[in-house]
Amino acid sequence: METVERWTTRSDAWTPEDDLKLAEIVLRHIREGSTQLNAFVESANLLGRTPAACGYRWNGVVRKTYEDKIKEAKLAKKERLSIRQQAKQRRVYGPDLEDPSIDGIIRALKNHERDFFNLQEKARKLEERVEELQGQVGSLTEENDQLRNGEKPLSRVANDLLGEDSKALLEIMDRAKKILELEQQGYKPRFKLDDQGNLERVSD
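Here the working numbering = 1-based position in the sequence shown + 3.
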């Protein structure tokens, strides 16, 4: 008796419009696969009550008048889940598979196998191209090293030749200077070529 009076007291605070809104929200959440707790939270925000109060009202008063609607909402939920599952299977098996039948699965697997072999062939060609480019890089690197190694001996040879020419030129200039000094002193020395083509003074 106390329980009935308590529900009666609580139901006095609810209007038929409030009950209808609560029922609509709960049934919608059932159809969409949501939970009753989410429905009570939404109802509380709409009706200005607590989620607990909405839950008490639904379970104690409103639910019993909407049993048929609840069954319909649950059937709608199953249909929605079935559609989602079929869509998920189509994504898994591919666009050619409208339903998960044996023929559809075989057809989809053949398509995936063809795509797989095509990708393998592309990968093989890319590997060959990479190896070809690596070979070209190796050849260019070796050629570059050879050129670098060849430049150094040529430079050394050029420096050696330039050094010898400079030394010979300095010797000639030094001898010419000495001859000029002797001539200025009134002495004219005589010269002859030695075996290597160098000037050699002949003593009197």
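Each residue gets a CB set at the ideal place from its N, CA and C atoms; glycine is no exception.
Everything numeric in this text was worked out from a predicted model, so none of it was measured.
Can you name, in chain order, every residue of its own chain whose Cβ lies under 8 Å from the Cβ of residue i, other than the five neighbours on each side?
i, result
"Ala16", "none"
"Leu49", "Lys24, Ile28"
My assumption, with CB atoms under 8 Å, is that residue i sits in contact with residue j. Please give the rounded CB distance.
i, j, result
"Ala42", "His32", "4 Å"
"Lys80", "Arg34", "6 Å"
"Leu30", "Ile73", "7 Å"
Using CA coordinates, which residue listed in the options is at the minimum distance from residue i?
i, options, result
"Glu75", "Gly36, Thr53, Val140", "Gly36"
"Ala55", "Asn121, Arg132, Leu25, Glu134", "Leu25"
"Gly58", "Ile73, Asp71, Gln39", "Gln39"
Please work out which residues of its chain come closer than 6 Å, Cβ to Cβ, to residue i, disregarding the five sequence neighbours upstream and downstream, and give them in chain order.
i, result
"Leu150", "none"
"Thr18", "none"
"Asp22", "Val65"
"Tyr69", "Ala26"
Once the 5 residues before and after residue i are set aside, which same chain residues still bring their CB inside 7 Å of it?
i, result
"Glu20", "none"
"Val44", "Pro54"
"Lys155", "Here Lys155 scores only 49 on pLDDT, less than 50, and its place in the model should not be relied on; the value that follows carries that caveat. Contacts found: none."
Taking 8 Å as the cut-off, does the CB of residue i come closer than this to any heavy atom belonging to the ligand FAD?
i, result
"Asn152", "Judged by which ligands are present, the structure shown has none, so any question about the ligand FAD falls away."
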